[in-house]
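K.L.:
Numbering (this note's numbering), first residue to last: 1 to 324.
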């Protein structure tokens with residue numbers, strides 16, 4: 001990509017979007033297109049189309065989405081399927097209408113079947129039932145993948161769907177009602193340390209295994225794919241298979257191990273208690289990342305280092321969440 005190319009980052013204030021903007025600036029890109037929710041309502045088809053017609057972005061990274069953990073998905077299933085379907089449909093269709101060169105659609109590892117063989121390969125998509133706790137969100141993301149594939153087949157576009165594993169990092173969501181497991185653990189451990197608590201309660205049995213990727217590594221992978229010449233990515237643009245690429249580190253750990261690691265980084269020295277009345281979700285979910293590795297990319301930030309960087313950011317930036 002030319003360093004002055006117009007690159008629209010949808011969702012630039014979120015976890016991945018903010019990391020993408022940081023990475024773009026670090027690599028010398030001078031023309032990112034950024035719009036806040038107040039400036040551009042992505043649920044409004046006419047507004048999205050008008051934005052594309054006026055700005056004519058050459059590249060699009062679709063990181064905007066309604067996201068949340070198990071509780072949020074269970075509480076707002078209608079919003080999770082509706083909002084995500086509408087946002088991605090508006091952006092992908094407008095990208096085609098206005099000649100976007102390459103688009104990256106960010107999905108989620110929850111698109112894969114609940115009982116998928118481990119590690120999860122891209123071809124396992126649509127081979128079994130989904131995890132019930134986040135099925136509406138997963139179905140919306142699957143529709144986005146199929147939309148990218150359909151536009152590539154019919155119109156010759158070059159849209160890629162990237163499926164990140166569980167992400168964490170600066171600008172994460174620390175609301176305990178809607179956050180994912182790692183930021184929730186960071187907040188719980190910090191507040192317990194500040195109060196001098198002897199115990200922190202963790203949802204579930206602690207037995208499920210999860211893989212985690214630092215958000216800035218995810219941003220680096222996205223830009224890596226945007227920057228590759230078409231001949232290197234030709235295998236992604238098949239009529240038979242969707243243009244799907246897993247992004248992760250390929251390694252996992254138990255939630256119990258994760259909680260212990262967060263406690264160590266935060267400095268909480270009390271006991272960890274596990275509330276087995278709460279749902280565990282899928283028991284194991286680790287990505288097969290051989291495809292992205294074959295393309296020449298691998299992550300750079302280890303889990304402990306990433307948690308430490310995330311905690312430093314949270315402690316300096318999210319004072320409104322901490323109970324002191």
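Glycine included, every Cβ here is placed at the ideal spot set by N, Cα and C.
Does the Cβ-Cβ distance between residue 293 and residue 265 come in under 8 Å?
P.N.:
Not a contact, by the Cβ cut-off of 8 Å.
K.L.:
Are three or more beta carbon pairs between the segment 36-48 and the segment 232-250 nearer than 8 Å?
P.N.:
Below 8 Å, too few C-beta pairs join the segment 36-48 and the segment 232-250 to call them touching: fewer than three.
K.L.:
What's the call for residue 155, buried or exposed, on a 16-neighbour Cβ count within 10 Å?
P.N.:
exposed
K.L.:
Specify whether the segment 170-188 and the segment 138-148 touch according to this definition: at least 3 beta carbon pairs, one from each stretch, less than 8 Å apart.
P.N.:
no
K.L.:
Cα separation between residue 36 and residue 13?
P.N.:
8 Å
K.L.:
Got a sec, what are the start and stop residues for the alpha helix (DSSP H) residue 52 sits in?
P.N.:
45-55
K.L.:
Can you tell which of 148, 116, 230, 26 has its C-alpha closest to the C-alpha of residue 282?
P.N.:
When only C-alpha atoms are compared, the closest one is 116.
K.L.:
Can you tell which of 97, 28, 223 has its C-alpha closest to the C-alpha of residue 51?
P.N.:
Scanning 97, 28, 223 for the CA closest to the CA of residue 51 turns up 97.
K.L.:
Rounded to whole angstroms, what's the CA-CA distance from residue 89 to residue 9? Just pull it up for me.
P.N.:
Residue 89 and residue 9: Cα-Cα distance of roughly 16 Å.
K.L.:
Kindly list the residues whose CB is nearer than 6 Å to the CB of residue 45, restricted to its own chain and excluding five residues on each side of it in sequence; keep chain order.
P.N.:
For residue 45, where only same-chain residues beyond five positions count, the Cβ hits under 6 Å are 90.
K.L.:
Can you name the start and end residues of the beta strand (DSSP E) that residue 381 belongs to?
P.N.:
Here the chain has residues from 1 to 324 only, and residue 381 is not among them.
K.L.:
Is residue 160 closer than 8 Å to residue 311 when the C-beta atoms are compared?
P.N.:
no
K.L.:
Would you decide whether residue 164 is buried or exposed? Buried here means 16 or more other CB atoms lie within 10 Å of its CB.
P.N.:
buried
K.L.:
Assign residue 217 to one of two classes, buried (16 or more other C-beta atoms within 10 Å of its C-beta) or exposed (fewer than that).
P.N.:
Around the Cβ of residue 217, a 10 Å sphere holds 16 or more other Cβ atoms; the residue is buried.
K.L.:
From what residue to what residue does the alpha helix (DSSP H) around residue 102 run?
P.N.:
Here residue 102 belongs to no alpha helix (DSSP H); instead the beta strand (DSSP E) covers 102-106.
K.L.:
Please name the residue in 102, 189, 130 whose C-alpha comes closest to that of residue 149.
P.N.:
102
K.L.:
Just tell me which of 167, 228, 239, 277 has its CA closest to the CA of residue 302.
P.N.:
The alpha carbon of residue 302 has as its nearest neighbour, out of 167, 228, 239, 277, the alpha carbon of 167.
K.L.:
Would you mind working out which of 220, 22, 288 sits nearest residue 125, comparing C-alpha positions?
P.N.:
288
K.L.:
Alpha carbon to alpha carbon, what distance is there between residue 228 and residue 63?
P.N.:
19 Å
K.L.:
List, from N- to C-terminal side, the beta strand (DSSP E) runs of 3 residues or more that fit wholly inside the segment 150-223.
P.N.:
159-164, 166-168, 199-203, 212-214
K.L.:
Taking the alpha-carbon positions, what's the residue 139 to residue 111 distance?
P.N.:
Our two residues, residue 139 and residue 111, have alpha carbons roughly 7 Å apart in a direct line.
K.L.:
Starting from residue 245, trace the beta strand (DSSP E) both ways and give me its first and last residue.
P.N.:
That run of the beta strand (DSSP E) goes 244-247.
K.L.:
Identify whether residue 287 lies in helix, strand or coil by the three-state DSSP scheme.
P.N.:
Reduced to three states, the DSSP call for residue 287 is strand.
K.L.:
From the DSSP output, in three-state form, read off residue 32 for me.
P.N.:
strand
K.L.:
Cα separation between residue 211 and residue 108?
P.N.:
12 Å
K.L.:
Within 10 Å of its beta-carbon, does residue 235 have 16 or more other beta-carbons around it, so buried, or fewer, so exposed?
P.N.:
exposed
K.L.:
Does DSSP put residue 10 in a helix, in a strand, or in coil?
P.N.:
strand
K.L.:
Since residue 250 contacts residue 119 with CB under 8 Å, what's their CB separation in whole angstroms?
P.N.:
7 Å
K.L.:
Just tell me which of 31, 72, 270 has its CA closest to the CA of residue 196.
P.N.:
270
K.L.:
Quick test of your reading: residue 34 and residue 21, contact by CB under 8 Å. State the CB separation rounded to the nearest angstrom.
P.N.:
7 Å
K.L.:
Let me check understanding here. Comparing Cα to Cα, which of 315, 306, 291, 221 lies closest to residue 123?
P.N.:
291
K.L.:
Around the C-beta of residue 267, are 16 or more other C-beta atoms found within 10 angstroms, so that it is buried, or is it exposed?
P.N.:
Exposed, because fewer than 16 other Cβ atoms sit within 10 Å of the Cβ of residue 267.
K.L.:
Could you give the distance in angstroms between the alpha-carbon of residue 272 and the alpha-carbon of residue 259?
P.N.:
When rounded, the distance between both Cα atoms is 8 Å.
K.L.:
Span of the beta strand (DSSP E) holding residue 61?
P.N.:
From DSSP, the beta strand (DSSP E) with residue 61 extends over 59-62.
K.L.:
So, at 8 Å on beta carbons, what are the nonlocal neighbours of residue 223 in its own chain, with the 5 sequence-adjacent residues on each side left out?
P.N.:
20, 23, 24, 27
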